[in-house]
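Residue numbers (the UniProt record's numbering): 1 to 454. Virtual Cβ for every residue (Gly too), placed ideally from N, Cα, C. Everything numeric in this text was worked out from a predicted model, so none of it was measured. Heads up, the thing below is written out as structure tokens.
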Ligand SMILES: Cc1cc2nc3c(=O)[nH]c(=O)nc-3n(C[C@H](O)[C@H](O)[C@H](O)COP(=O)(O)OP(=O)(O)OC[C@H]3O[C@@H](n4cnc5c(N)ncnc54)[C@H](O)[C@@H]3O)c2cc1C
């Protein structure tokens, strides 16, 4: 008999990784995944996985499958080549050397690998959650209502439904209603403000170049040659390139920030196809290596980057938020999905704890919130700092206008070096920390919480 059953809303990277984790660590818990899309295909592009996250891939048993979809073998410690490129002749700023591993994948290929690890009947597609009802007394099943009019029940509910999370919307509406009922109108307004995603002030154009389509003269280009990331930066903009799909495709991201637009509602669709000209117009006057990359770009998809506000809780009773639903962040640090996996891994192990029962499993959710929320919110803060550094912004470069930057003479070598080193420093937590040690500490915290409640 299963101990209890779990519903996972969303079959993105968080939901699938959580399912794989439950299969491994909590085989006595039943779970179902409900996904809004009718089929799991995706227009997305590159996603990086670094050493810290790789630890999880090894632990949940999918390292081998992932190695089959990357050209990188065991050793993939390629530096990030960082340049200042918004000038006629670009300069190398820094080589970030401290990466032990830095794999890159096509998101759709990752999703496929994860999906293959799950039993097909566990993933229900075409099921968009509309709402849920959680009995107030903490007992009885949670009822899920789907947009197609059907319902389902579960003992515990996990919202892995991305930055526009419906689970977050229902949870925070209910938290706000309770605050109102307690006469706390201001708190209720603050809770409601956390329901919609916030515009980050930046967009990114994600493009793919098939290497087989490149003419011979393009082959020597640093972006097409380097097995890792090349980061071409400039005031308010960057271009990032790295190979995906076992080196067959070059992932190209062209990011633009619009200072002062952070938090201002974004007009227009959050993702839409764009033609080459719409992207290239921003990069006039940039160094020739950048112009060369654009020669082979047909177009791409524009993403208006939205983030999740700083939530005061990821849980309410037997419901929890996981991944982007809890902490969608800026893409500049390449850590968004890593933080999703860390949530999923911790939750799966906590729920699989030998002493967890249906009656005490809310303790697992509480400890998850206690540990994961501050951590993920710190990383989200670092991702904002990464965006500043990639775009030559932030307090130390407030004086640098696009015009001054384009002269190529406004910053000293010392200042450029400072930006490069700062960019390296904000990645250090990820490349030099031990997730295994942190995980062991989290499990000890879980033991203590269960012992205290016994
Ligand atoms: C431009 C860009 C570049 C990035 N690069 C990196 C990188 O290099 N490295 C990295 O680690 N991270 C990166 N990220 C972040 C990473 O892609 C995300 O953090 C991660 O994909 C989020 O996964 P998720 O499963 O939480 O959410 P999502 O991927 O958004 O998945 C949510 C799923 O829930 C489904 N869903 C939504 N609503 C409902 C509903 N009501 N009912 C049922 N299902 C629903 C959706 O259809 C979707 O399948 C990047 C992000 C962007 C935008």
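Simplified DSSP state of residue i, which is helix, strand or coil
i           : result
residue 297 : coil
residue 272 : strand
residue 156 : strand
residue 146 : strand
residue 347 : helix
residue 130 : strand
residue 316 : strand
residue 83  : strand
residue 90  : coil
residue 4   : coil
residue 119 : coil
residue 280 : helix
residue 364 : helix
residue 321 : strand
residue 39  : coil
residue 62  : coil
residue 290 : helix
residue 20  : helix
residue 96  : strand
residue 56  : helix
residue 311 : coil
residue 26  : coil
residue 353 : coil
residue 451 : helix
residue 328 : coil
Neighbourhood of residue i by C-beta distance below 7 Å, restricted to the same chain and skipping five residues each side
i           : result
residue 377 : 310 and 327
residue 228 : 78, 79, 80, 102 and 242
residue 164 : 197
residue 52  : 338, 430, 433 and 435
residue 191 : 172, 175, 176 and 179
residue 134 : 142, 317, 318 and 319
residue 264 : 199
residue 84  : 90, 91, 93, 233, 234 and 416
residue 37  : 125
Range covered by the alpha helix (DSSP H) that runs through residue i
i           : result
residue 180 : 166–181
residue 30  : That residue, residue 30, is in no alpha helix (DSSP H); its beta strand (DSSP E) goes 30–34.
residue 185 : 185–193
Boundaries (first-last residue) of the beta strand (DSSP E) holding residue i
i           : result
residue 77  : From DSSP, residue 77 is part of no beta strand (DSSP E); its letter is neither H nor E.
residue 103 : 102–106
residue 200 : 198–210
residue 50  : 46–50
Close Cβ partners of residue i (< 8 Å) along its chain, the five nearest in sequence each way excluded
i           : result
residue 39  : 125
residue 6   : 22, 29, 30, 31, 32, 154, 155, 156, 157, 158 and 351
residue 2   : 28, 29 and 30
residue 204 : 253, 254, 255, 256, 302, 303, 305 and 331
residue 426 : 333, 382, 385, 386 and 389
Proximal residues to residue i (C-beta, below 6 Å), its chain only, five neighbours per side dropped
i           : result
residue 14  : 160, 322, 323, 340 and 344
residue 117 : 20
residue 373 : 314
residue 258 : 201
residue 293 : 223
residue 145 : 130, 131 and 151
Original post:
What are the start and end residues of each continuous alpha helix (DSSP H) run of 4 or more residues lying completely inside the segment 212–269, in chain order?
Top reply: 222–225
Original post:
Touch check for the segment 305–323 and the segment 143–162: three-plus C-beta pairs under 8 Å?
Top reply: yes
Subject >> Whole runs of the alpha helix (DSSP H) within the segment 369–442, excluding any shorter than 4 residues >> reply: 402–407, 413–425 and 428–431
**OP:** Assess, as a yes-or-no matter, whether the segment 17–28 is touched by the segment 347–364 under the definition of 3 or more beta carbon pairs within less than 8 Å.
**Re:** yes
Original post:
Is the number of C-beta pairs between the segment 51–66 and the segment 105–117 that are closer than 8 Å three or more?
Top reply: yes
Original post:
Okay, do the segment 266–282 and the segment 208–221 touch, 3+ Cβ pairs below 8 Å being the bar?
Top reply: no
**OP:** Please determine if the segment 352–362 and the segment 391–405 are in contact, where contact requires at least 3 C-beta pairs separated by less than 8 Å.
**Re:** no
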